[in-house]
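Chemist: One structure, as structure tokens, below. Some questions next.
Spelled out as structure tokens, the structure:
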């Protein structure tokens, strides 16, 4: 793609995100979401592969429907209350429609079907933007309207997302699809705590974004797209693959690593809110996603292919690991000891 065009699309993404995050009026928030949608479409379809074009079409249709629902929800609220302010969403029907619209934007179950397909058809760098930056504006809208939303509905969506995200990721061999289902199950953890402690939702989102960015950038460096390629990627950059192993275990939420922090705080907060059954259920459902993270981690560090098919071993690269990956990996793995400081901010 032409560098100037690329720059325009990235700048539009930043502009759209900034408009949505900083707006108080529903129309401005909707405008930001639309700019974002239109800016990401050329980045998804830039390879001109039929699968990429299909992914861009699916993304456009889903996001257009979700944006229409956001507009419909805000207009219904304005009709009944005379308020266009985002934080003044009080009408029950508007709240219900908005929850559906944001669930569709984010890829929460039962509106998740588009996300794995779109991620599979996109390049790794665009997949990274879709998994992290594109989820920030809808998350901000959820954060601003959290006091008005229906707790029962959000809890049901969250538990379904954690269940289906873990369950559907079990038999995947394409890494981008596995990361899509990982994103869906993480969104479940963010949605369940939104009503009770919105700041925890944002903390979970930020840490998830850091860990996912690390994984995507590492895979982009080693040019790995499926599990069979990952099996032989250890020869290319052994130290980088070791760090990928730790980041994957952190995404799974294993204790000494950063990913354990949001899960621990969310379970603690749910227990305080007398929601111990929900906390137990979502913790058990995270074991499903733990399985495919462990599978990825096993494939990352294995030294010999476990079957007789001949694999081409890749040449070891002498390129140094980029500073961005080094910093992100450190944050993804070693932030747990800093949790007292993070708790004072939250």
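Residue numbers (full-length UniProt numbering): 1 to 346. Think of the CB as a built atom: it goes at the ideal place given N, C-alpha and C, for glycine as much as any other residue.
Tell me whether residue 174 sits in a helix, a strand or coil according to DSSP, three-state version.
Modeler: Strand.
Chemist: Applying the 10 Å Cβ sphere with the 16-neighbour rule, what's the burial state of residue 268?
Modeler: Under this definition residue 268 is an exposed residue.
Chemist: Quick one: what's got a C-beta closer than 6 angstroms to residue 77's C-beta in the same chain, skipping five residues either side?
Modeler: Cβ neighbours of residue 77 beyond the five flanking positions: 89, 91, 94.
Chemist: Going by the beta-carbon positions, is the gap between residue 162 and residue 261 smaller than 9 angstroms?
Modeler: Not in contact: residue 162 and residue 261 (Cβ atoms no closer than 9 angstroms).
Chemist: So residue 81 is in the alpha helix (DSSP H); what residue range does that whole segment cover?
Modeler: Looking at the DSSP string, the run of the alpha helix (DSSP H) that includes residue 81 is 50 to 81.
Chemist: Is the distance from the Cβ of residue 147 to the Cβ of residue 258 below 9 angstroms?
Modeler: No. Outside cutoff.
Chemist: Just how far apart, CA to CA, sit residue 156 and residue 321?
Modeler: Those two C-alpha atoms are separated by around 42 angstroms.
Chemist: If you follow the alpha helix (DSSP H) that residue 224 is in, where does it begin and where does it stop?
Modeler: Here residue 224 belongs to no alpha helix (DSSP H), and DSSP marks it neither H nor E.
Chemist: With a 10 Å radius around its C-beta and 16 neighbouring C-beta atoms as the bar for buried, classify residue 102 as buried or exposed.
Modeler: Buried is the call here.
Chemist: Could you tell me the distance, in whole angstroms, from the CA atom of residue 19 to the CA atom of residue 27?
Modeler: So the two alpha carbons sit approximately 10 angstroms from each other.
Chemist: With DSSP run on the structure shown, which of helix, strand or coil describes residue 25?
Modeler: Three-state result, residue 25: strand.
Chemist: Where residue 192 and residue 251 are concerned, what is the direct C-alpha to C-alpha distance, given to the nearest angstrom?
Modeler: Straight-line Cα distance between these residues: approximately 18 angstroms.
Chemist: Check each candidate in 182, 183, 201, 184 and name the one with the smallest Cα separation from residue 190.
Modeler: For residue 190, the nearest C-alpha among the options comes from 201.
Chemist: Relative to the C-alpha of residue 246, which candidate in 300, 280, 283 has its C-alpha closest?
Modeler: The shortest Cα separation from residue 246 among 300, 280, 283 belongs to 300.
Chemist: Mind checking residue 351: buried by the 16 CB within 10 Å criterion, or exposed?
Modeler: The shown model of the chain, from 1 to 346, leaves out residue 351, and the question about it has no answer.
Chemist: With a cut-off of 8 angstroms on the beta carbons, I'd call residue 40 and residue 129 a contact; round off their distance for me.
Modeler: Confirmed, Cβ separation roughly 7 angstroms.
Chemist: Under a Cβ-count criterion, where at least 16 other Cβ atoms within 10 Å of its own Cβ denotes burial, should residue 68 be classed as buried or exposed?
Modeler: Exposed, because fewer than 16 other Cβ atoms sit within 10 Å of the Cβ of residue 68.
Chemist: Considering Cα atoms alone, identify which of 179, 166, 82 is closest to residue 120.
Modeler: Residue 120 has its Cα closest to that of 179, out of 179, 166, 82.
Chemist: Just checking, does the region 126 to 144 make contact with the region 40 to 51 on the three C-beta pairs under 8 angstroms criterion?
Modeler: Yes, since at least three Cβ pairs between the region 126 to 144 and the region 40 to 51 fall closer than 8 angstroms, the two stretches touch.
Chemist: For residue 222, which residues in the same chain have their Cβ closer than 7 angstroms to its Cβ, ignoring the five residues on either side in sequence?
Modeler: Once the five neighbours on either side are set aside, the close Cβ partners of residue 222 are 233, 236, 237, 240.
Chemist: Tell me, please, which residues DSSP counts as bridged to residue 85.
Modeler: Residue 85 is bridged to 25.
Chemist: How is residue 36 classed by DSSP in three states: helix, strand or coil?
Modeler: Residue state, collapsed to three classes: helix.
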